[in-house]
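Chemist: In this note's numbering, the protein residues as written are 25 to 167.
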Ligand code: SF4
Ligand code: SF4
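#1: So, residue 161 versus residue 127, is the Cβ gap smaller than 8 Å?
#2: Consult DSSP for residue 76 and reduce its assignment to one of helix, strand or coil.
#3: Which class does residue 153 belong to by DSSP, given the choice of helix, strand or coil?
#4: Applying the criterion that 16 or more other CB atoms from any shown protein chain within 10 Å of the CB defines a buried residue, is residue 42 buried or exposed?
#5: Could you tell me the alpha carbon to alpha carbon distance between residue 67 and residue 61, rounded to whole angstroms?
#6: Since residue 105 sits in a beta bridge, which residues does DSSP pair it with?
#7: Indicate whether residue 89 and residue 77 have their beta-carbon atoms separated by less than 8 Å.
#8: With which residues is residue 90 paired in a DSSP beta bridge?
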């Protein structure tokens with residue numbers, strides 16, 4: 025979750041596919057590291073050691089670690105993603121809005137076992153066949 029971009033498409037409800045948190049891990053500045061450490065009841069030093077790696081391009085900044093399957097705070101419950109620090113999550117994660125102009129959301133829509141039909145219908149309002157809708161989503165996710 026690094027680039028918010030300028031979203032031109034209407035936002036859609038997040039269907040918790042988790043693709044964004046698998047692909048991106050937020051950058052945290054010193055103030056946010058202090059805030060998160062306080063929220064978690066640990067020192068900034070411990071927070072950085074446990075959950076981040078240094079970000080070489082910006083002094084004092086760190087990036088949340090990739091656990092190998094996505095953000096270190098990403099968790100799964102029966103195939104549905106969640107954030108284990110949801111109520112105190114980084115600002116960049118709060119600002120991220122699901123939308124049909126996001127490749128991550130399109131990828132999730134394509135790969136999620138039961139993509140909500142309403143979301144698909146917003147993508148192609150005139151289509152009636154689910155196979156056609158999914159083919160269009162696949163095409164857009166890879167474009
Ligand atoms: S902190 Fe939470 S919302 Fe942000 S990338 Fe990690 S798992 Fe996703
Ligand atoms: S990629 Fe989009 S739909 Fe999937 S979890 Fe992230 S915001 Fe939600």
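For every residue, glycine included, the Cβ atom is placed at its ideal position computed from N, Cα and C.
Modeler: The answer reads as follows:
#1: no
#2: strand
#3: coil
#4: buried
#5: 6 Å
#6: 100
#7: yes
#8: 95
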